[in-house]
Structure formats: structure tokens, C-alpha cells
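Which chain is which? The protein sequence lines are A and B, in order.
For the first sequence, counting from 1, position 93 maps to 93 in my numbering; every step adds exactly one.
Positions in the second sequence are counted from 1; adding 1000 to them yields my numbering.
There are 2 protein chains.
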Amino acid sequence: MSRISDATITRLSQYYRSLASLEEGGQEMVSSMALARKHGVTPAQVRKDLSCFGQFGTRGLGYSVCQLKETIARILGLHRIWNVALVGAGSLGSALISYKEFKRQGFHIVAVFDNDLDKVGKKRRGLTILDIRRLPQMVKKLDINLAIIAVPKDAAQSVADLLIKAGLKMILNFAPISLKASPGITIRNVNMAIELEALSYRLVADKSFRPGNNPQLTPV
Amino acid sequence: MSRISDATITRLSQYYRSLASLEEGGQEMVSSMALARKHGVTPAQVRKDLSCFGQFGTRGLGYSVCQLKETIARILGLHRIWNVALVGAGSLGSALISYKEFKRQGFHIVAVFDNDLDKVGKKRRGLTILDIRRLPQMVKKLDINLAIIAVPKDAAQSVADLLIKAGLKMILNFAPISLKASPGITIRNVNMAIELEALSYRLVADKSFRPGNNPQLTPV
DNA sequence: GTCGGATTGTGAAAGTGTTCACAAGCATGG
DNA sequence: CCATGCTTGTGAACACTTTCACAATCCGAC
Ligand SMILES: NC(=O)c1ccc[n+]([C@@H]2O[C@H](COP(=O)([O-])OP(=O)(O)OC[C@H]3O[C@@H](n4cnc5c(N)ncnc54)[C@H](O)[C@@H]3O)[C@@H](O)[C@H]2O)c1
Ligand SMILES: NC(=O)c1ccc[n+]([C@@H]2O[C@H](COP(=O)([O-])OP(=O)(O)OC[C@H]3O[C@@H](n4cnc5c(N)ncnc54)[C@H](O)[C@@H]3O)[C@@H](O)[C@H]2O)c1
């Protein structure tokens, strides 16, 4: 079987959230149709996504909410706890530390690093900020699996190098720069400014701009 | 010409960043090849992306860094200032207020709203937190174009409804729930937990799990 | 003026992801 | 125990995206 697409994994994450709330509501079964409607996709899409990993439904009835939720949890690795290192104890970093959704999904931020010696030793939500130079040592000691980068963009690449040298293979980067992943290393870049730009593109496009029909777009 | 894909818009945003830094470095021209290498895509991809909007290059030479940057700015709507409302002055909201990249791209957060009366009237980075009930009035007064939702997930849908009722058409949502967009309204959902889940999926998949070859994945 | 080297712009081909459509299969009720 | 109604699982069709490949064309050197 071929590699699973990123889009499928993203949708599984979304289904997982719906299943959790259906379970809370006490619902036992759910059909691909019901799940699809909640996420604006087709029922066939839901079934295809799941069929990549096996057969989990019962024809005529649908899927067991609880079983499907557990299954997706295992697929996504949510059935266990991941130890996460956060680098950069600035405003975004501090917000992320207090983000409860991470912990709820099994992502525990177990260490925060910074290179600002004024911050090192201070606390953020019960976590002592550590000197970035202790990173290699702590990755081993705390059995860290994942890292989050929340440092200014000029420091991001060097922090990524450091993390990779310390043995980490999975990095979530919030600095607005596309970090490159060497083979075997996975880096996901989250860029919030780009999200806003997609909106402003639409705002412009809807109003005045039609592709191929826009004289003032020609280079000056 | 057909509708431009989201992927293309995202890449334009990324090219834009490279162009800005090339311009700072004083470079005059850039080839599709050079731009492609910076972003891990093919040169053909770069050219196709640009060709959706017109012809901006010179054969044999490449693209003028400065002109191409301005052109993309116009396509994405970065040549002007957008007034942004932020709803939710919690930890994420406060981080977003101090996020300089937004302002640099022309996204000015001009108002912050909250429903917690203890917070209303207090300041965040020079912005006074306003009572959410004043939102409709302020959208008009401040000519607000875009909104960012940074409230807990249970409040997100009702805040979205409120924003739409106040006349806003573009919303960036950070609550971990997929808000649905009625026709004419665009909502982009940013879900950071999903980003981590994509990483943990890979971590699990790389180690032990191969699709279609995983006995313990069968429902219990 | 024209030749050579370089790079664009773009149809066509290849590759991916999504939707369709229906046989297969299960639970329930008579 | 079989007919009925519903929903899954999946190959095939379709749609969209990316890559290929090359003619078009521009600059600068001679
Ligand atoms: N603030 C936001 O809302 C927001 C939103 C999206 C993305 N971002 C991005 O996230 C990153 C952090 O943003 P922020 O607003 O928290 O910035 P910040 O300046 O508040 O914090 C950055 C922190 O990183 C530390 N740091 C700098 N270099 C370091 C290094 N080499 N090693 C370890 N630590 C180092 C600094 O000491 C500081 O504590 C930036 O790249 C920013 O563009 C921020
Ligand atoms: N903290 C993070 O790093 C982080 C990261 C990603 C996503 N998020 C999401 O962003 C949202 C906000 O997170 P947070 O950590 O800032 O939470 P928070 O509790 O610190 O802040 C939420 C704010 O929203 C306000 N609020 C609640 N209901 C409201 C309403 N109906 N109208 C106006 N304001 C209202 C609250 O008074 C509070 O000030 C949540 O949905 C969270 O899941 C947070």
C-alpha cells in the first residue's frame, strides 16, 4: 500500500475530535455520512480515509464511536504520551505552555529552553526555563520525542540544527521561515501570517481582481 | 481561467518572503530555479504559480526581484493595510497582539474584544480591551476587514456568528473546532494540535506501523 | 546585426487525490 | 430463516496538481 497522504492524516485528526465529542454525548454508532457532514467532506472521503488502515465499520450500521476513536488514536499515536521540548520562552512560547489541548492529546511539554540568561531559571506555569546549552543532555534525560520552535526567525535554523544534533527527528516550527528537512527529519512549518494572506487574497480577489483580466497587475 | 488553488496562494506567500529578503540583500534578478530551490519545489512549479496571474519574467534573465515582490504583494493584497479585530484576550490572543509579522505585512490589529468584564478596560500592548457587545459598532467605526478568533472552543461558533452578523466575511479561527462557512464567508481554521498529531503519526508509522500490515490495529 | 547561452511560459503527460457507483454484508423484523 | 433496508469497502472514473519538455524570446558579446 502506498504512503498515506497528509490530507488524510489531517482529516483523521478532525474526525477524532468529532468522535470524542460524540462519545461524550453518549452516541454509540456513527455513519460515514454523519461524520462527513460535520466536516464538510463526502461520505466516500471518510470511508476512503479509514480504509487506508483497515476495516473498522459494520455494513448497515456504521462505525462504533468508541472503537473508531480508539483506532484513530492508535493510528495517530494519541494512545501514548509524547514528551515535547519547547525552545523559546517568549510570548508565543508562553501561550503554548498553557495550551491545554496539547496535554489532553498526550503532548506533554516537559522542558522549555531559552538562550536569554535573564529568563533562564525563571518559571513559566511551573516549568523552569532551561539554558539552551543543556538541551542535548535533557533530551536524553527526559526522553524527549518532539520539539517546538518558537524563537525569532533568524535563530530558527540554528535551533533546528541543534535539535537535530541532539537526536530529535520531528520538529514543529512557528518561526515564519521555511526550515528545510534533511532526509529522515520531518519539520512542519506553521505560518500564521500566510493564513491571513490567504484571506486577504480572497478579499482582493472577490472585489476587484479577476485572474487574466486585471490591467493594473502588469509590472510597472 | 479557473480558480486559483490554495496551494498556489500559500506558495506565493512563501516566495514573497524570499523576495523580500533577496531585495534586502540587494539582488536585482532571480530565476525560477533559484526561487524554487529555496522552497523545495521545482522551477516549473514556480513558473506555473506565477503564470496564473500574468507574465512577469524576462526570458534568459529571470524575474526582477523588486517588481515580482510588488506584483505578489498586489495579488495577495499586501500593498494595503487591513484592519483586523481580535476576539479573545487570553494567552494566545495576547501573543498575537505582540506578533510583529502581522503588522509588517499590513495586518493591523486595531481592536481587541473579550466578554470577561474583569479584562474589559485593561490594556494589552497599548490596545484597550473592549466589551464584545461593542463589536458591531466598532467594526463600522474602525472599518474592520478581518477577524481573528482566539476564544475557547465552546464559544467559537457563537463568536463567529456575531462577527458575520457584524458584516465580516473573512475569519481566522484558532479554536480547535472546524467552524463552518456559509456561502460568501471564508473561515480558515488553524489547529496546532493537528500539526503535532501529523508528527506523532509519522513517529509511530516510522517505527512500528506499516499500513495494511499491523495486526494490533484491528478493533478490539 | 546576428549568434550563443540562458530562462521563461505553456501545452501535454504523469501523478495524486476525490468522488462515484455498486456489490458485499450485516442487523433487524416478521 | 429469509427478505428488507441500510451502510460499508473499493475499483473505476473523474478532477485537480505537479512535472516534463520544448518552442519562444531576450540579453549581451562580438
Ligand atoms: N507572538 C506570536 O503570536 C507569534 C505568532 C506566530 C508566530 N510567531 C513566531 O514565533 C517566534 C517567537 O515569537 P514570540 O512572539 O514569542 O517572540 P519573543 O521575542 O517574545 O520570544 C522569542 C524567545 O526566543 C528566545 N531565543 C532567541 N534566540 C534563541 C536561541 N538561539 N535559542 C533559544 N532561545 C532563543 C528569546 O530569548 C525569546 O525568549 C517568532 O519566530 C515569531 O515570528 C509568533
Ligand atoms: N494558548 C495557546 O497557545 C493556544 C494555541 C492554539 C490554539 N489555542 C486556542 O485558542 C483559543 C484561546 O486560547 P487561550 O489559551 O488564549 O485561552 P484563554 O482562556 O487564555 O483565553 C480565552 C479568552 O477568550 C475570552 N472569551 C471567552 N468567551 C468569549 C466570548 N464569548 N466572547 C469574547 N471573549 C470570550 C475569555 O475571557 C479569555 O480572555 C482556544 O480555543 C484555544 O484552544 C490556544
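Every residue, glycine too, gets a C-beta built ideally from N, C-alpha and C.
The model shown is predicted, which means the values in this text are computed figures rather than measured ones.
7 Å CB neighbourhood of residue i in its chain, flanking five on each side removed
i, result
"Pro1043/B", "Ser1032, Met1033 and Ala1036"
"Thr971/B", "Since the first residue shown for chain B is 1001 and the last is 1220, residue 971/B is missing from the structure and cannot be characterised."
"Gly106/A", "Leu78, Arg80, Ile81 and Trp82"
"Thr1071/B", "Phe1056"
"Val1120/B", "Asp1114, Ile1129, Leu1130 and Asp1131"
"Leu1162/B", "Leu1135"
"Ala142/A", "As written in the sequence, residue 142/A is Leu, which differs from the Ala given in the question. Result list for Leu142/A: Asn83, Val110 and Ala111, in chain order."
"Lys122/A", "Ile129"
Short CB-CB distance (under 8 Å) between residue i and chain A
i, result
"Phe1102/B", "yes"
"Ala1095/B", "yes"
"Met1033/B", "no"
"Val1159/B", "no"
"Gly1077/B", "yes"
"Arg1059/B", "no"
"Leu1124/B", "Inspection of the sequence shows that residue 1124/B is occupied by Arg rather than by Leu. Closer than 8 Å: no."
"Ser1182/B", "no"
"Leu1142/B", "no"
"Ile1185/B", "no"
"Val1041/B", "no"
"Leu1179/B", "no"
Any chain B beta carbon closer than 8 Å to residue i
i, result
"Glu24/A", "no"
"Pro176/A", "yes"
"Arg198/A", "Inspection of the sequence shows that residue 198/A is occupied by Ala rather than by Arg. Ala198/A counts as touching chain B."
"Tyr201/A", "yes"
"Arg47/A", "no"
"Ala7/A", "no"
"Phe107/A", "yes"
"Asn83/A", "no"
"Gln27/A", "no"
"Arg188/A", "yes"
"Val204/A", "yes"
"Ile149/A", "no"
Residue i versus residue j: straight-line alpha-carbon distance, rounded
i, j, result
"Lys1180/B", "Ile1187/B", "7 Å"
"Gln14/A", "Thr58/A", "21 Å"
"Ala1073/B", "Leu1012/B", "9 Å"
"Ile97/A", "Lys1165/B", "34 Å"
"Tyr201/A", "Leu1203/B", "35 Å"
"His39/A", "Leu199/A", "20 Å"
"Asp116/A", "Glu1023/B", "30 Å"
"Asn191/A", "Ser1005/B", "18 Å"
"Leu1127/B", "Ile129/A", "29 Å"
"Arg1104/B", "Arg47/A", "43 Å"
"Arg1003/B", "Ser1021/B", "29 Å"
"Gly54/A", "Ile75/A", "11 Å"
"Leu19/A", "Glu1028/B", "53 Å"
"Ser1091/B", "Gln45/A", "36 Å"
"Ser1182/B", "Gly1026/B", "45 Å"
"Val1151/B", "Gly1062/B", "46 Å"
"Ala1156/B", "Ala155/A", "34 Å"
Beta-carbon contacts of residue i that lie in its chain and below 8 Å, excluding the five residues immediately before and after
i, result
"Val41/A", "Arg11"
"Gln1067/B", "Phe1056"
"Ala160/A", "Ile149, Ile171, Asn173, Leu179 and Ile187"
"Asp1206/B", "none"
Distance CB(residue i)-CB(residue j) smaller than 8 Å
i, j, result
"Ala1111/B", "Ile1081/B", "no"
"Lys153/A", "Ile177/A", "yes"
"Ala89/A", "Asp114/A", "yes"
"Ala1193/B", "Phe174/A", "no"
"Val1065/B", "Val1030/B", "yes"
"Leu168/A", "Leu1196/B", "no"
"Ile149/A", "Ile185/A", "no"
"Tyr1016/B", "Lys1100/B", "no"
"Ile109/A", "Leu135/A", "no"
Beta-carbon contacts of residue i that lie in its chain and below 6 Å, excluding the five residues immediately before and after
i, result
"Ser94/A", "Arg124"
"Asn1226/B", "Outside the displayed range of chain B (1001 to 1220) lies residue 1226/B, so it cannot be described from this structure."
"Met138/A", "Ala111"
Contact test: residue i Cβ vs ligand 3 heavy atom, cutoff 7 Å
i, result
"Phe102/A", "Here the bound small molecules are ligand 1 and ligand 2; ligand 3 is not part of this structure."
Review point. Unbroken beta strand (DSSP E) runs of length 3 or more, entirely within the segment 91–125 of chain A: which are they?
Key: 107–114
Review point. Can you list, in chain order, the stretches of the beta strand (DSSP E) that have 3 or more residues and sit fully within the segment 29–75 of chain A?
Key: 62–64
Exercise for review: Please specify which runs of the beta strand (DSSP E), each continuous and at least 3 residues long, are wholly inside the segment 1160–1199 of chain B, giving them in chain order.
Suggested key: 1170–1173 and 1186–1189
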